[in-house]
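Asker: Below is a structure I'd like to ask you about.
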Amino acid sequence: GDMALIGPRPLRVHYLPLYSAEQARRHNVRPGITGWAQCHGRNGISWTERFKLDVWYVDNCSFLTDIKIIISTIKTVLNRDGITQEGNATMEPFNGYN
Numbered sequence: 012g013d014m015a016l017i018g019p020r021p022l023r024v025h026y027l028p029l030y031s032a033e034q035a036r037r038h039n040v041r042p043g044i045t046g047w048a049q050c051h052g053r054n055g056i057s058w059t060e061r062f063k064l065d066v067w068y069v070d071n072c073s074f075l076t077d078i079k080i081i082i083s084t085i086k087t088v089l090n091r092d093g094i095t096q097e098g099n100a101t102m103e104p105f106n107g108y109n
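When we follow the working numbering, the leftmost residue of the sequence shown carries the number 12, and every step to the right adds one.
What follows is the structure, encoded as C-alpha cells:
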C-alpha cells in the first residue's frame, strides 16, 4: 500500500461496494494516517459527515491545508477528542446507509 501522512483514512476493503459515487471520490487522493475528518470529530462523527469531510479534503487539498491538519491532529490527540461515538466504544460499522 502507498499511503501519505495526510489524506482520508483508509477503510476496510469490504466497504468498497457500499460507497456512493460521491463517497468514492475520497479515493481520488492517497489515503493517509490522519485527515480532515480526524480533525473534525474522529470516531465521534457519523459516516455521512466523515465522507463529506473526506471529499472536502479531496476538493481542497493543499500544503496549507495539510499543515492545518497536522496541527489540529496534534491538538485532537493530546485532548483525546472524538475517540468514541456516542453510545459506542468505537464507530458502528459502515453499511452504506449510515
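Even glycine gets a Cβ: it sits at the ideal position worked out from N, Cα and C.
(1) Looking at the unbroken beta strand (DSSP E) that takes in ILE17, where does it start and where does it end?
(2) Could you round the C-beta distance between ALA15 and ARG41 to whole angstroms and report it? I think they count as a contact, below 8 Å.
(3) Skipping 5 residues on each side, what residues in its chain have a beta carbon closer than 7 Å to that of ARG83?
(4) Who are the Cβ neighbours of CYS72 in its own chain at under 7 Å, not counting the five residues just before and after it?
(5) Check ILE56 in the structure and name its three-state DSSP category.
Answerer: Result, derived from the coordinates:
(1) 15 to 17
(2) 4 Å
(3) One point to set straight first is that residue 83 is Ser, not Arg, in the sequence displayed. Contacts found: CYS50.
(4) VAL40
(5) coil
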